[in-house]
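What follows is a set of notes on a single structure, which appears directly below.
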Amino acid sequence: MLLLDAGSTSILSKIPVEKLETSRLWTCEALVQFPNEVLQHHKQYLQVCDIISTFTYQLDESIYDEQVEKIPLLEAYSRSMTLALQARQETHLPNKYIALTLGSHAATIPGAMEYRMVYDKPDDFDMLYNFHKNRIELFQASNPEAFKQIDFLAFESLPHITEALALLKLLADYKSWNKRCWITCTCPSIESLDRVKQILTALLDANSQYIWGVGVNCCHISLLPTITNALTELFKSHADKTIMLYPDGRGFPNPYTTSPNSETKPAPSPQEWAESSFEYSTLNSGNIVIGGCCETDIRHVDQLRSRYN
Numbered sequence: 005m006l007l008l009d010a011g012s013t014s015i016l017s018k019i020p021v022e023k024l025e026t027s028r029l030w031t032c033e034a035l036v037q038f039p040n041e042v043l044q045h046h047k048q049y050l051q052v053c054d055i056i057s058t059f060t061y062q063l064d065e066s067i068y069d070e071q072v073e074k075i076p077l078l079e080a081y082s083r084s085m086t087l088a089l090q091a092r093q094e095t096h097l098p099n100k101y102i103a104l105t106l107g108s109h110a111a112t113i114p115g116a117m118e119y120r121m122v123y124d125k126p127d128d129f130d131m132l133y134n135f136h137k138n139r140i141e142l143f144q145a146s147n148p149e150a151f152k153q154i155d156f157l158a159f160e161s162l163p164h165i166t167e168a169l170a171l172l173k174l175l176a177d178y179k180s181w182n183k184r185c186w187i188t189c190t191c192p193s194i195e196s197l198d199r200v201k202q203i204l205t206a207l208l209d210a211n212s213q214y215i216w217g218v219g220v221n222c223c224h225i226s227l228l229p230t231i232t233n234a235l236t237e238l239f240k241s242h243a244d245k246t247i248m249l250y251p252d253g254r255g256f257p258n259p260y261t262t263s264p265n266s267e268t269k270p271a272p273s274p275q276e277w278a279e280s281s282f283e284y285s286t287l288n289s290g291n292i293v294i295g296g297c298c299e300t301d302i303r304h305v306d307q308l309r310s311r312y313n
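In structure tokens:
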């Protein structure tokens, strides 16, 4: 098992409420306003985790306003990578990896559309292909040397199979930019499971040499037994791929979705979250990455690391 960090949501408390209410950048806003906090965030997680992720989930030219943010978009792209690289260099810890976090296209659309967006128009495939292609090319152009040192491309929170198919073609066309890549989709409720299985089946059955791992992010721990049963079946003939699993630390149901047949469950404590997540650390013969998603923080992954050790 490799341990992924808990993402970037724990830094939201550092961003003024009035800024969060108007910004579409979400946690990416910290890159602009609080770069030192981002650096310290990375350093803290490097003490516990094998992989840290950049503050770039929603960072895209379509929602970035240079007049408002006061720094050029390319500087923000570059800063996201250099802060993670600086943290790794200054902590002097071996075998630590950096993932460039790339949220789905739907993550740039207000209303938490990464949980329910459907792409069924004739031109959606090309639009999604170009969305991801252009964004990665901007990251690369912003700081070619830093981009070379990034270990993983992490495509997160896919809501629909069309985006998965577009990414399959893109990664093959560009040979995944010579990086290991993983793709995850959201599973906010049991009702979402058929969609999840459709996406993951397409990704695994492609047998792409450019996909290192696939799995699920943004799910409540109460869904883990059902999700992991599905993952176990899907990976029976794909053991060479890595399972990605990073559940939320918040309550259920997810406030941005509907799950009419589910009882309400409170947010788990960090200990409960870690205990639930640790149960699945041996899936796929241990070829799995486990981390935290929404409303998890260093306490959650620290508890998980303690159990694994």
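Note that our numbering has the sequence shown beginning at 5, numbered continuously upward. C-beta: ideal position from N, C-alpha, C; glycine also. The model shown is predicted, which means the values in this text are computed figures rather than measured ones.
Which parts of the segment 115-203 are runs of the alpha helix (DSSP H), unbroken and 4 residues or longer, counting only runs that do not cross its ends?
128-146, 148-153 and 165-177
Can you tell me whether Y284 is helix, strand or coil according to DSSP?
coil
Cβ contact check for the segment 24-42 and the segment 127-140: 3 or more pairs under 8 Å:
no
Provide the residue span of the beta strand (DSSP E) that contains Y312, from first to last.
Per DSSP, Y312 belongs to no beta strand (DSSP E); it is in the alpha helix (DSSP H), I302 to Y312.
Assuming the contact rule is C-beta atoms closer than 8 Å, L312 and L7 should be a hit. Round their C-beta distance to whole Å, please.
What sits at residue 312 in the sequence shown is Tyr, not Leu. About 7 Å; that satisfies the 8 Å criterion.
For S226: DSSP bridge partner residues:
Looking at the DSSP assignment, S226 forms no beta bridge with any residue, so it has no partner.
Considering only the beta carbon of each residue, do L238 and L204 sit closer than 8 Å?
yes
Should K23 go down as buried or exposed, given a rule of 16 or more other Cβ atoms within 10 Å for buried?
exposed
To the nearest angstrom, report how far apart N99 and D54 are at their CA atoms.
So the two alpha carbons sit approximately 7 Å from each other.
Hey, out of T246, S273, Q275 and S12, whose CA is closest to F156's CA?
Comparing Cα-Cα distances from F156 to each of T246, S273, Q275 and S12, the minimum goes to T246.
Which same chain residues end up closer than 8 Å to G255 when comparing Cβ atoms and leaving out the 5 residues on each side of it in sequence?
H224, T268, K269, P270 and A271
Short of 8 Å in beta carbon distance, which residues of its chain neighbour S273, apart from the five on each side in sequence? Order them along the chain.
Hits under 8 Å: none found.
Inter-residue spacing [alpha-carbon to alpha-carbon] between Q310 and A116:
First, the residue type needs correcting, since residue 310 is Ser and not Gln in the sequence shown. Taking the straight line from one Cα to the other gives about 33 Å.
Between V72 and chain B, is there a C-beta pair that is closer than 8 Å?
As a matter of chain content, chain B is missing from the structure shown, which is built from one protein chain.
Would P327 pass as a contact of C189 if the rule is Cβ separation under 8 Å?
A query on residue 327 cannot be resolved here, the shown segment of the chain reaching from 5 to 313 and no further.
Kindly give me the distance between the Cβ atoms of H46 and A80, rounded to whole angstroms, as I take these residues to be in contact under 8 Å.
Between A80 and H46 the Cβ distance is about 16 Å, and since that is not below 8 Å, they are no contact.
Anyone know if the C-beta pair for F323 and F143 falls short of 8 Å?
Here the chain covers residues 5 to 313 and nothing more, so residue 323 does not appear.
G295 and W277 closer than 8 Å at C-beta
Result no, Cβ atoms of G295 and W277 do not sit closer than 8 Å.
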